[in-house]
Amino acid sequence: MSHSLFTEASQRFNKALQYVDLSQDAIARLTYPKASLSVSIPVRMDDGTLNVYQGYRVRYDDTRGPTKGGVRFHPHVSLDEVQSLAFWMTFKCAALGLPFGGAKGGITVNPKQLSSSELERLSRGYVNAIADFIGPDVDILAPDVYTNAIIMGWMMEQYSIIRRKSVPSVVTGKPVVMGGSLGRNTATAMGAFYVMNHVLALQGRVPHKTSLAVQGFGNAGAVLAELASKAGYKVVAVSDSKGAIYAAQGLDIPSIRQFKESSRDLKAVYCKGTVCDVVEHDVITNAELLELDVDVLAPAALENQITVENADRIQARYIFELANGPTTPEADDILDEKGIQVFPDILVNAGGVTVSYFEWVQNRGGFYWTLQDVNQRLHDKMVEETNQILAIAHDSAVSHRTAAYIHALTRLGKAFNAQGLSVEY
Ligand code: GLU
Numbered sequence: 006m007s008h009s010l011f012t013e014a015s016q017r018f019n020k021a022l023q024y025v026d027l028s029q030d031a032i033a034r035l036t037y038p039k040a041s042l043s044v045s046i047p048v049r050m051d052d053g054t055l056n057v058y059q060g061y062r063v064r065y066d067d068t069r070g071p072t073k074g075g076v077r078f079h080p081h082v083s084l085d086e087v088q089s090l091a092f093w094m095t096f097k098c099a100a101l102g103l104p105f106g107g108a109k110g111g112i113t114v115n116p117k118q119l120s121s122s123e124l125e126r127l128s129r130g131y132v133n134a135i136a137d138f139i140g141p142d143v144d145i146l147a148p149d150v151y152t153n154a155i156i157m158g159w160m161m162e163q164y165s166i167i168r169r170k171s172v173p174s175v176v177t178g179k180p181v182v183m184g185g186s187l188g189r190n191t192a193t194a195m196g197a198f199y200v201m202n203h204v205l206a207l208q209g210r211v212p213h214k215t216s217l218a219v220q221g222f223g224n225a226g227a228v229l230a231e232l233a234s235k236a237g238y239k240v241v242a243v244s245d246s247k248g249a250i251y252a253a254q255g256l257d258i259p260s261i262r263q264f265k266e267s268s269r270d271l272k273a274v275y276c277k278g279t280v281c282d283v284v285e286h287d288v289i290t291n292a293e294l295l296e297l298d299v300d301v302l303a304p305a306a307l308e309n310q311i312t313v314e315n316a317d318r319i320q321a322r323y324i325f326e327l328a329n330g331p332t333t334p335e336a337d338d339i340l341d342e343k344g345i346q347v348f349p350d351i352l353v354n355a356g357g358v359t360v361s362y363f364e365w366v367q368n369r370g371g372f373y374w375t376l377q378d379v380n381q382r383l384h385d386k387m388v389e390e391t392n393q394i395l396a397i398a399h400d401s402a403v404s405h406r407t408a409a410y411i412h413a414l415t416r417l418g419k420a421f422n423a424q425g426l427s428v429e430y
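Following my numbering, the numbering of the sequence shown begins with 6 at its first residue and continues without gaps.
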């Protein structure tokens, strides 16, 4: 059988099923996505030629509410990947108790090769192609890998043009001036930070004696590195797609972020410019970063980073997954045997969709919250669900990942049962 991310994603679900009394109906319903859409998006390029891009949107399950999930722009986007990510979103929303099902979208494109106007035409073209498949009570978009608030603004506005009215709640993660929530931009990292800080404090760890390596320096990884370093953690390594830097005594994250923002490239800090004057560091590879002897490893890049190939060499005591699906199921077993505590994506990176939910609520109520309100509610939600997952892991003697799936499946199972026998869609 060919390698499929979705087959791997389903393994987590099957493992958790042993511990949850889920009806056969519910299991059958969760086996396939509710609906998948493949579209082609013609885009007039700046030089007058026409490029056609492949796009997808998968709505996995809407038993607990309208489906919710990001849109990814990446050269490796495929239907298999989008379906797996939509499946994960279903469990993420259930694990956090958000009133949403799971969805995901994507376009197979390298957005770095497009001009801003080409990117705008592509984003609007995507919404034109999927407009009948989405809606504020049906399926709500958000940012994901290589998409951001500006792109979400274009998508929301395009949907509003099609509907001939303003529909802010069809997309979350918009610019604040278009109805975006304060704190959405930092929410994924902030949520992860709350989970990490809470878990480590429960285990008696203090920040200044805890070293941290972060793989990925995008919206999740860079913000987590900065939050952690401000809280006193020793952030010893960070990386982007081009490479990694390491300093045993800790890196100056705010300066590195500034460099990265101005140059768009971590390479700019490879001992050019003043960061090197602030702290000495070594240049290492992304693979080496994952295998560093640190207390905490936070993969915040793409899927399948910790695999059967390198799991045995991972030395971190804790892993907090900011990326979706960074660890394969086989690697999970190896990490488990080594006694490494893995806190799973569907909990750790759920801060993003949690504040997306807050944004959707604010759009529908037309009443906007302060940043302090947003962060306080995010904190309370993350800590509450983390505590429940820790309790399940303890009581059922399972990994935190399986506990998070049990938690999600229990909520999903109750929703399936409450719906009764209906199979009319
Ligand atoms: N793309 C993010 C995720 O994977 C956020 C989704 C959302 O806000 O709807 O969780």
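Here a beta-carbon is modelled for each residue, glycine too, at the ideal position from N, C-alpha and C.
Can you name the residues that DSSP bridges to residue i?
i: G418; result: Beta-bridge pairing links G418 to no other residue.
i: D66; result: G107
i: V288; result: I250
i: T445; result: Because the chain spans 6 through 430 in this model, residue 445 falls outside it and cannot be assessed.
i: K73; result: G107 and I145
i: V57; result: P47
i: V243; result: V219 and I250
i: S41; result: V63
i: G140; result: D144
i: V176; result: L146
Which word fits residue i, buried or exposed, when buried means at least 16 other C-beta atoms lie within 10 angstroms of its C-beta?
i: C281; result: Residue confidence is low: C281 scores 43 on pLDDT, short of 50, so the model does not pin down where it sits. Its coordinate-derived value is still stated next. That one is exposed.
i: E86; result: buried
i: L302; result: buried
i: R318; result: exposed
i: S122; result: exposed
i: G370; result: exposed
i: T279; result: Reliability fails at T279, whose pLDDT of 42 lies under 50, so the model's placement of it is uncertain and no value is given.
i: K277; result: Below a pLDDT of 50, predicted positions are generally treated as unreliable, and K277, at 49, falls in that range; no measurement from the model is reported.
i: Y37; result: exposed
i: T54; result: exposed
i: D51; result: exposed
i: E314; result: exposed
i: T290; result: exposed
i: G425; result: exposed
i: H399; result: exposed
i: F372; result: exposed
i: R64; result: buried
i: Q16; result: exposed
i: R168; result: exposed
i: E4; result: Absent from the structure is residue 4, since the part of the chain shown begins at 6 and ends at 430.
i: K39; result: buried
Please check the pair residue i and residue j, which I expect to be a contact at CB under 8 Å, by giving their CB distance rounded to whole angstroms.
i: A328; j: G221; result: 7 Å
i: V358; j: L383; result: Rounded, the Cβ-Cβ distance is 11 Å, inconsistent with contact.
i: G70; j: M94; result: With 8 Å as the limit, G70 and M94 do not qualify as a contact, their Cβ atoms being about 12 Å apart.
i: E13; j: P334; result: 6 Å
i: V240; j: G255; result: 6 Å
i: I46; j: Y58; result: 5 Å
i: I311; j: T332; result: 4 Å
i: V114; j: P148; result: Contact doesn't hold; Cβ gap of about 15 Å is too wide.
i: D144; j: T72; result: 4 Å
Strictly under 8 Å for the Cβ-Cβ distance: is residue i near chain C by that measure?
i: E326; result: Of the protein chains in the structure, only one exists, and it is not chain C.
Item checked: Runs of alpha helix (DSSP H) wholly within the region 299 to 364 (minimum 4 residues, chain order) -> 334 to 342 and 350 to 353
Checklist line | Meets three-Cβ-pair contact criterion under 8 Å: the region 412 to 427 and the region 227 to 244 | finding: no
Check: Of all the alpha helix (DSSP H) runs that stay within the bounds of the region 185 to 220, which reach a length of 4 or more residues?
Finding: 192 to 207
Margin query: Would the region 234 to 249 count as touching the region 353 to 368 if we require 3 or more Cβ pairs under 8 Å?
Written below: no
Next item on the list: Give a yes or no on contact between the region 141 to 160 and the region 172 to 186, applying the rule of three or more CB pairs nearer than 8 Å.
Entry: yes
Notebook entry, point to check: On the three-pair Cβ rule with 8 Å, is the region 194 to 213 touching the region 374 to 388?
Noted result: yes
Next item on the list: Please determine if the region 397 to 415 and the region 21 to 33 are in contact, where contact requires at least 3 C-beta pairs separated by less than 8 Å.
Entry: yes
Checklist line | alpha helix (DSSP H) runs contained entirely in the region 363 to 415, provided each spans 4 or more residues | finding: 376 to 401
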